[in-house]
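S.K.: Each step along the sequence shown adds one to the number in the numbering used here, with nothing skipped, and position 104 is 159.
Please see the structure below; I have some questions.
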Amino acid sequence: QVQMVESGGGLVQPGGSLRLACTASGTTSAIDIMGWYRQAPGNERQFVATISSAGNTNYADSVKGRFTVSRDRAKNTLTLQMNGLKPEDTAVYYCNAGAYGRIYWGKGTLVTVSP
Numbered sequence: 056q057v058q059m060v061e062s063g064g065g066l067v068q069p070g071g072s073l074r075l076a077c078t079a080s081g082t083t084s085a086i087d088i089m090g091w092y093r094q095a096p097g098n099e100r101q102f103v104a105t106i107s108s109a110g111n112t113n114y115a116d117s118v119k120g121r122f123t124v125s126r127d128r129a130k131n132t133l134t135l136q137m138n139g140l141k142p143e144d145t146a147v148y149y150c151n152a153g154a155y156g157r158i159y160w161g162k163g164t165l166v167t168v169s170p
């Protein structure tokens, strides 16, 4: 079993920055890929970014050049640095991890981008 807990959400003005963190616990040695997804009100959950155990990253077109995903395997942490935030980035952000053929999700952290 793997447990995921996000932190770092909040209110930020357009053009601002925010850094999200996610800490994994449990049998973390089995974790392969980790990622961030988000869900805006009334919308489905959508892909934001992933990072493999080898450090290979993948981003949604809407966040490329603005968001950076990273992980610290020793500390079992995943981060998402978000710059140049836009109102359309407002959503609940979820981290996940793949292990034992399953996907484990956190409960999410709210990011609100508003003047």
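Every residue gets a Cβ at the ideal spot worked out from N, C-alpha and C, and that includes glycine.
In this text, all values refer to a predicted model and were calculated from it rather than measured experimentally.
#1: With a Cβ-Cβ cutoff of 8 Å, do alanine 95 and alanine 104 count as a contact?
#2: For the beta strand (DSSP E) containing aspartate 127, name the first residue and the last one.
#3: Assign threonine 82 to one of two classes, buried (16 or more other C-beta atoms within 10 Å of its C-beta) or exposed (fewer than that).
#4: Buried or exposed, going by whether 16 or more other CB atoms sit within 10 Å of the CB of isoleucine 158?
#5: When you compare only the Cα positions, how much space is there between arginine 121 and asparagine 113?
#6: Report the rounded CA-to-CA distance for valine 147 versus glycine 70, giving the unit in angstroms.
#7: Who are the Cβ neighbours of leucine 133 in its own chain at under 6 Å, not counting the five residues just before and after it?
#8: For valine 166, list the residues DSSP reports as bridge partners.
#9: Are alanine 129 and isoleucine 86 closer than 8 Å when you measure CB to CB?
#10: Buried or exposed for glutamate 99, please, with buried defined as at least 16 other CB atoms from any protein chain shown within 10 angstroms of its CB.
M.R.: So, to answer that:
#1: The Cβ atoms of alanine 95 and alanine 104 do not sit closer than 8 Å to each other.
#2: 122 to 127
#3: Exposed: under 16 other Cβ atoms inside 10 Å.
#4: exposed
#5: 13 Å
#6: 18 Å
#7: The answer, listed in chain order, is Cys77, Met89, Arg126, Cys150.
#8: Beta bridge pairing from DSSP links valine 166 with Gly65, Ala146.
#9: no
#10: exposed
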